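Those letters in the sequence shown? Residues 7 to 119, by our numbering. Glycine is no exception: its CB is placed at the ideal position from the N, C-alpha and C atoms. It should be emphasised that the depicted structure is a prediction, and the values quoted were computed from it without experimental measurement. Reading through the structure tokens given below for one structure.
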Amino acid sequence: MKVVDQILKFRSDRDWEQFYKPKDLAISLAIEAAELLECFQWKTDDEVEALIKNPQDKKKIEEELADIAMYLYLLCNDLNIDLDEAIKEKIEINNKKYPISKSKGNAKKYTEL
Numbered sequence: 007m008k009v010v011d012q013i014l015k016f017r018s019d020r021d022w023e024q025f026y027k028p029k030d031l032a033i034s035l036a037i038e039a040a041e042l043l044e045c046f047q048w049k050t051d052d053e054v055e056a057l058i059k060n061p062q063d064k065k066k067i068e069e070e071l072a073d074i075a076m077y078l079y080l081l082c083n084d085l086n087i088d089l090d091e092a093i094k095e096k097i098e099i100n101n102k103k104y105p106i107s108k109s110k111g112n113a114k115k116y117t118e119l
């Protein structure tokens, strides 16, 4: 069973579709992203490196990333968006905004290139 099918089954088995409206999924996605940010908040680069090496801390990050992904999959499903296709299209847009000749090794926004 695909991961997205497992997520949909989990929601369906609990009759949660009634609560998982696009607005609520988007809010939940943002909340989970904020929880991921909390893992890194106020830490130096060295502290982040140590955090990633600690199995317990890394597991917390993994769980937050999984929460984000699950809400993203649900939102895409409910909005009938093919995430893989959306990503491919966005990469093409970004290729035009950030040509290698101007952006390689440069962190400037495309409007500043």
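Asked	Found
List the whole-angstrom C-beta distance separating K102 from L119, where the pair is believed to meet the contact cut-off of C-beta under 8 Å.	The Cβ separation is near 12 Å, so there is no contact.
Within 10 Å of its beta-carbon, does M76 have 16 or more other beta-carbons around it, so buried, or fewer, so exposed?	buried
Helix, strand or coil: which one does DSSP assign to E38?	helix
At 4 residues or longer, and completely inside the segment 52-81: list those alpha helix (DSSP H) runs for me, N to C.	none
I'd like to know whether the C-beta atoms of L42 and E70 end up nearer to each other than 7 Å.	yes
Between the segment 49-63 and the segment 80-92, are three or more C-beta pairs nearer than 8 Å?	no
For the putative contact between R20 and Y26, defined by C-beta atoms under 8 Å, what is the C-beta separation to the nearest angstrom?	With a Cβ gap of about 10 Å, R20 and Y26 do not count as contacting.
Assign L85 to buried or exposed, taking buried as 16 or more other Cβ atoms, counted over all protein chains shown, within 10 Å of its Cβ.	exposed
Along the chain, where does the alpha helix (DSSP H) containing K27 start, and where does it finish?	Neither: K27 is in no alpha helix (DSSP H) and is coded neither H nor E.
Buried or exposed: where does E38 fall if 16 or more other Cβ atoms within 10 Å of its Cβ makes it buried?	buried
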